[in-house]
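Structure first, commentary second.
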Amino acid sequence: MKVYGDLIVRGDPQMLAAFVSALDQHLTNGWSRHRERESEVQRAALGPMYCFRCTALYERPACELWLATNPDRHLYVSNILAQEFSSLTYDQYNQVLSDYYVHCVRPAAEISSVQVELGKTSPEIEDFVTPQTARLLRSSLSNRSVVHPLDRRRWNAFITAAHRERAKLTGGMLQRWLIEEERWPEDEAINLATEYEHSRDLLETYESLPA
């Protein structure tokens with residue numbers, strides 16, 4: 001299962017400022033800073049945003065990449081936009097992200113001592129839930145149905161476990177996993193994902209109510 005990769009840069013404010021300055025000195029392989037675009041969005045942004053562009057090179061499309069500021073002060077790639085067509089495939093997006101990391105971010109990070117996290121682009125279900133919860137999920141779906149009472153108990157146990165561990169698994173991600181990895185019919189996958197989201201919301205509401 002493919003996803004759009006994440007790139008996060010962590011450090012104190014001084015380190016992050018040094019990192020951004022170092023980036024300007026390490027824009028190679030067709031990358032450049034686009035300050036005019038930064039000034040266009042600065043008033044609407046919640047924090048500093050930095051815009052970088054890359055030219056088309058071999059299979060890499062020409063793109064605009066945005067580095068944004070998170071409320072807890074780390075930097076992250078918030079979006080990559082293609083200049084020549086409406087959207088990027090997972091492979092194209094991740095290729096541009098990897099190119100930016102290798103040619104710009106990594107050398108700048110070595111100078112400024114920030115920590116860089118490059119997320120997985122082909123995660124497993126265990127990247128979103130614990131191995132124990134993943135086993136509950138797989139066991140509940142072993143018969144391609146949750147109608148059987150035993151499967152239903154396992155499915156409920158999976159949802160409860162995901163709720164207790166505050167799992168990062170969203171309904172949309174569960175739906176994609178069921179279709180792409182487990183080869184479930186789309187309509188059945190949508191129904192299960194919807195039930196999962198509704199159940200998580202119900203449990204959250206229940207816990208928030210006063211005793």
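Just so it is clear: in the sequence shown, position 82 is 82 by my numbering, and no numbers are missing. Heads up, the beta-carbon is just placed ideally off N, CA and C, and yes, glycines get one too. All values reported here derive from a predicted model rather than from experimental measurement.
For V41, does the count of other Cβ atoms within 10 angstroms reach 16, so buried, or fall short, so exposed? Residue numbering aside, residue 41 sits at position 41 when the sequence shown is read from its first letter. Classification of V41: exposed, given that the 10 Å Cβ count is below 16.
From P123 to E165, what does the alpha carbon distance come to, in whole angstroms? Within the sequence shown, residue 123 is the residue found at index 123, counting from 1. Within the sequence shown, residue 165 is the residue found at index 165, counting from 1. Straight across, the Cα-Cα distance linking P123 with E165 is about 19 Å.
Does DSSP put V114 in a helix, in a strand, or in coil? For the purposes of this step, residue 114 is identified with residue 114 of the sequence shown, where counting begins at 1. Note: V114 maps to coil in three-state DSSP.
The alpha helix (DSSP H) with S199 in it runs from where to where? The sequence position of residue 199 within the sequence shown is 199, counting from 1. E186 to S208 is the span of the alpha helix (DSSP H), which, as asked, contains S199.
Along the chain, where does the alpha helix (DSSP H) that runs through L137 open and close? As a working note, residue 137 is residue 137 in the sequence shown. Segment P131 to S140, the alpha helix (DSSP H) holding L137.
Determine the closest residue to G30 out of L81, Y100 and M49, with distance taken between C-alpha atoms. As a working mapping, residue 30 is identified with position 30 in the sequence shown. It is Y100 whose Cα lies nearest to the Cα of G30.
Does the separation of the CB atoms of L23 and L97 fall below 7 Å? Residue mapping note: residue 23 aligns to position 23 of the sequence shown, counting from 1. Residue mapping note: residue 97 aligns to position 97 of the sequence shown, counting from 1. Their beta carbons are not under 7 Å apart, which means L23 does not touch L97 by this criterion.
Minimum C-alpha distance to Q83 - residue among T170, A62 and L67: Position 83 of the sequence shown, counted from the start, is the residue given in the question as residue 83. Answer by Cα proximity: A62.
Below 8 Å, how does it come out for the segment 13-21 and the segment 128-140: are there three or more Cβ pairs, yes or no? no
Identity of the residue in T121, V116, L209 and E117 nearest Y93 by Cα: The count along the sequence shown starts at 1 and reaches residue 93 at position 93. Minimum Cα distance to Y93 is reached at T121.
Name the DSSP bridge partner or partners of E41? Counting from 1 along the sequence shown, the entry for residue 41 is found at position 41. For clarity, residue 41 is Val in the given sequence; the question names Glu instead. According to DSSP, V41 bridges with nothing at all.
Between S208 and I159, is the Cβ-Cβ spacing less than 7 Å? Working through the sequence shown from its first residue, we reach residue 208 at position 208. Working through the sequence shown from its first residue, we reach residue 159 at position 159. Cβ distance not < 7 Å, so S208 and I159 don't count as in contact.
Out of curiosity, what's the CA-to-CA distance linking V3 and N79? In the sequence shown, the residue the question calls residue 3 occupies position 3. In the sequence shown, the residue the question calls residue 79 occupies position 79. Their Cα atoms are separated by approximately 13 Å.
Along the beta strand (DSSP E) that carries I125, what are the first and last residues, could you check? Looking up residue 125 in the sequence shown gives position 125. No beta strand (DSSP E) contains I125, which DSSP labels as neither H nor E.
Minimum C-alpha distance to T130 - residue among W155, S39, R153 and A167: On the sequence shown, position 130 is the one that residue 130 refers to. Its Cα nearest to that of T130, the residue A167 stands out among W155, S39, R153 and A167.
Just to confirm the assignment, what range does the beta strand (DSSP E) spanning M1 have? In the sequence shown, counting from the first residue as 1, residue 1 sits at position 1. Segment: none, M1 is in no beta strand (DSSP E) and carries neither H nor E.
To the nearest whole angstrom, what separates the beta carbons of A52 and R33, a pair I think is in contact under 8 Å? Position 52 of the sequence shown holds residue 52. Position 33 of the sequence shown holds residue 33. Sequence inspection shows Phe at residue 52; the Ala mentioned does not correspond to that position. Right, the Cβ-Cβ distance comes to about 6 Å (below 8 Å), so this counts as a contact.
From Q115 to G47, what does the alpha carbon distance come to, in whole angstroms? Counting from 1 along the sequence shown, the entry for residue 115 is found at position 115. Counting from 1 along the sequence shown, the entry for residue 47 is found at position 47. Computed Cα separation, rounded: 20 Å.
Could you round the C-beta distance between A193 and G171 to whole angstroms and report it? I think they count as a contact, below 8 Å. Here residue 193 corresponds to residue number 193 of the sequence shown, with the count starting at 1. Here residue 171 corresponds to residue number 171 of the sequence shown, with the count starting at 1. Indeed they touch by this definition, with Cβ atoms about 4 Å apart.
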